[in-house]
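J.:
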């Protein structure tokens, strides 16, 4: 591992070991573009921290880079990397970049993206980027981005599904109404894990349309909802949760229903989807939920675990 806290750039990058695989660039480096750090043919992990002059990634060439973390670079405005500058990047983390408004990154093999405390960001990615710039992105995690209005903006590509399997959103109070609109559903058919916490204006998790004939998310298996004071509905269609395995609900006082399809048994009780393993909630939430069948609550009790989170 190499660490640079002093000035770097120009011929300064030649002082770095050519075979370095992990590099941390600190606040005293004076870096204004990541092109000043390379090329480093064998670099696998790069962390840039507290570089107050860094404004863009620039024309980087890190052919083996797997992970990139940018932390507390307050002037960073753009990320766009044209061509094949990051062909093998698998994970990307952005923390506390106050000027950044979106993740305009070209990384064809990126799997995981995490963004925290980016207070000017209104949308995370454009819809068409998920098939052009980020075609292998599977997981998006967003934490405490005050102005975030939507995760995916603009129209999504027609007849080209995205590979996203996981959304995690926490502390984004500017997101209002429906988290995932029905227009998005056919474009993210592989989504299996949804976590939403501390988003005070979210009212619906999965939007639907009256004429829908297909389940919203046929692969949805994990659902976690914490401290959503305005949440009224998870989804109107019970078929959306036919493969659910784990549900965790806490601090959602307006939520009255869990969309589970229950089938009658010979003993008069009801059976949830065969995939269901556990429902974690608090006793107040459990008692406030409403069911169409009078035996639904007692039928589900073997699956309940009470906790105070």
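Numbering (the working numbering), first residue to last: 58 to 366.
We treat Cβ as the ideally placed atom computed from N, Cα and C, and that holds for glycine.
Let me make sure I understand the geometry here. Which of 123, 84 and 107 has the alpha-carbon closest to that of residue 97?
T.: Of 123, 84 and 107, the residue nearest in Cα terms is 123.
J.: What is the DSSP secondary structure of residue 355, reduced to helix, strand or coil?
T.: In the structure shown, residue 355 sits in a helix (DSSP, three-state: H, G or I).
J.: Between 319, 215 and 115, which lies nearest to residue 327 when the distance is taken from Cα to Cα?
T.: Here the closest residue by C-alpha is 319.
J.: Hey, residue 377 and residue 165: beta-carbon distance below 9 Å or not?
T.: Residue 377 falls outside the range modelled here, since the chain spans only 58 to 366, and no answer is possible.
J.: So within the stretch 191 to 270, which uninterrupted alpha helix (DSSP H) runs reach at least 4 residues, ignoring any that extend past its ends?
T.: The stretch 191 to 270 contains these whole alpha helix (DSSP H) runs: 239 to 242.
J.: Which value, in whole angstroms, describes the spacing of the CA atoms of residue 364 and residue 111?
T.: Roughly 45 Å between the two C-alpha positions.
J.: I need the boundaries of the alpha helix (DSSP H) containing residue 186, first residue and last residue.
T.: Looking at the DSSP string, the run of the alpha helix (DSSP H) that includes residue 186 is 186 to 189.
J.: Can you tell which of 347, 312, 353 and 324 has the C-alpha that lies nearest to the C-alpha of residue 330?
T.: Considering only alpha carbons, the answer is 353.
J.: Relative to the C-alpha of residue 230, which residue among 288, 249, 126 and 348 is closest?
T.: For residue 230, the nearest C-alpha among the options comes from 288.
J.: Sorted by chain position, which residues of the same chain lie with C-beta nearer than 6 Å to residue 150's C-beta, five sequence neighbours on each side aside?
T.: Excluding sequence neighbours, residue 150 sits near 126 and 171.
J.: Between residue 276 and residue 249, how many whole angstroms is the CB-CB distance? I'm expecting something under 8 Å.
T.: Going by Cβ atoms, the distance from residue 276 to residue 249 rounds to 5 Å, so yes, they are a contact pair.
J.: Could you tell me which residues DSSP pairs with residue 173 in its beta bridges?
T.: Bridge partners of residue 173: 152 and 200.
J.: Rounded to whole angstroms, what is the Cα-Cα separation between residue 71 and residue 77?
T.: The predicted position of residue 71 is uncertain, since its pLDDT is 48 and thus under 50; a value taken from the coordinates is nonetheless stated next. Cα to Cα, residue 71 sits roughly 12 Å from residue 77.
J.: I need the straight-line Cα distance from residue 36 to residue 168, nearest angstrom please.
T.: The first residue shown for the chain is 58 and the last is 366, placing residue 36 beyond what the model contains.
J.: Which residue from 336, 198 and 134 puts its Cα closest to that of residue 148?
T.: Of 336, 198 and 134, the residue nearest in Cα terms is 198.
J.: In this structure, how does DSSP classify residue 341 when only helix, strand and coil are distinguished?
T.: Of the three classes helix, strand and coil, the one that applies to residue 341 here is helix, per DSSP.
J.: Specify, as a first and last residue, the run of the beta strand (DSSP E) that residue 125 falls within.
T.: Element bounds for residue 125: 124 to 128.
J.: Give the straight-line distance between the Cα atoms of residue 173 and residue 106, rounded to the nearest whole angstrom.
T.: Taking the straight line joining both Cα atoms gives about 14 Å.
J.: Taking residue 155 as the reference, give the member of 144, 162 and 177 with the closest Cα.
T.: Ranking the options by Cα distance to residue 155, first place goes to 177.
J.: Can the beta-carbon of residue 279 be found less than 9 Å from the beta-carbon of residue 251?
T.: Contact flag set, yes.
J.: With 16 other CB atoms within 10 Å as the buried threshold, where does residue 311 fall?
T.: Label assigned to residue 311: exposed.
J.: Quick check on residue 92: does DSSP put it in helix, strand or coil?
T.: The answer is helix: DSSP assigns residue 92 an H, G or I state.
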